[in-house]
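If you count the sequence shown from 1, position 263 lands on 265 in the numbering used here, and the numbers rise without skipping.
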Amino acid sequence: MKIVTWNINGVRARIGNLTHWLTESAPDIVCLQEIKTVDDQFPRAEIEALGYNVETNGQKSFNGVALLSKLPFDEVNRGLPGDDADDHARFIEGVFSTDQGALRVASLYLPNGNPIDDERKFSYKLAWMERLERWAQERLRLEEALVLAGDYNVIPEPADARFPENWLGDALFQPQTRQAFRRLKNLGFTEAVRTVTDSAGVYTFWDYQAGAWQKNNGIRIDHLLLSPEAANRFSSASVEKHVRAWEKPSDHVPVAIELSLQPA
3 MKIVTWNING VRARIGNLTH WLTESAPDIV CLQEIKTVDD QFPRAEIEAL GYNVETNGQK
63 SFNGVALLSK LPFDEVNRGL PGDDADDHAR FIEGVFSTDQ GALRVASLYL PNGNPIDDER
123 KFSYKLAWME RLERWAQERL RLEEALVLAG DYNVIPEPAD ARFPENWLGD ALFQPQTRQA
183 FRRLKNLGFT EAVRTVTDSA GVYTFWDYQA GAWQKNNGIR IDHLLLSPEA ANRFSSASVE
243 KHVRAWEKPS DHVPVAIELS LQPA
């Protein structure tokens, strides 16, 4: 089973790229971030025509996440618990039946947190990560295959940036941000891409500015974390980098994993 995360950076602006990629890559489950549209304006028909079920947690003009699945949804939950005042559409969770029991997949769009001298924005990022950690602790107790996928807006290590020194003042690379990501992983998650390679130069985001793509000035901020039950079924991970060279690309590219699971 192929599960992919992709920050699409505006689904209506890139629906042609999305449908082309769905046909080419043939994922079973897709976690989208930054769909930048309300639910009733999501281009559902084009995606359903390719055989996908669609669930969204949208928001006008920014944020927004979605799950696309060839498997039927058994359960859908929207929003990260822990702060009733948080109205950002950054989280959606789906549950699916497989030959090995329940598969739980979450698509998340973690806050950027910049600028770090804006206490409100950076504090919101760290508080959101604390809520995610609490949620993950509860979900891990279910002992199910769980994939926590999305745009984390976290550069975990210096090797995850072409020029790490350029990110020292950025919220994505602050010690508190990286520590929060490590705490999440240390609950028992396996970080998929780093399971298959420890090489530098593996990136998932290239800015639109200053020729970052052409110069390969990238960072790795899109991650898939696997519960022990999912990690036991893990077979591969890859970054579909070529998509960044398409016309009107997102600044992120799809990151894919394969799990040895079959629909029930």
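Heads up, the beta-carbon is just placed ideally off N, CA and C, and yes, glycines get one too.
Fewer than three Cβ pairs drawn from the segment 228-245 and the segment 175-182 lie within less than 8 Å of each other, which leaves the two stretches out of contact. For W215, there is no enclosing beta strand (DSSP E), as DSSP gives it neither H nor E. Distances from the CA of R106 to each of R143, D200 and D42 were compared; the closest alpha carbon is that of R143. Under the DSSP assignment, N19 falls in the alpha helix (DSSP H) whose first and last residues are I17 to S27. The straight-line gap separating the alpha-carbon atoms of R196 and T39 is approximately 32 Å. Cα atoms of A104 and T199: separation of roughly 28 Å, rounded to the nearest angstrom.
Rounded to whole angstroms, the gap between the alpha carbons of N116 and S99 is 39 Å. Nearest Cα to N59 within the set P74, R80 and E50: R80. Between P29 and I5, the gap from beta carbon to beta carbon is short of 8 Å.
Take the alpha-carbon of Y205 and the one of V13: they are about 22 Å apart. Unbroken beta strand (DSSP E) stretches of 3 residues or longer found wholly inside the segment 29-110: 31-35, 55-59, 67-71, 77-80 and 93-100, given in chain order. Of all alpha-carbon atoms in S252, K187, P113 and Q139, the one lying nearest the alpha-carbon of F124 is that of P113.
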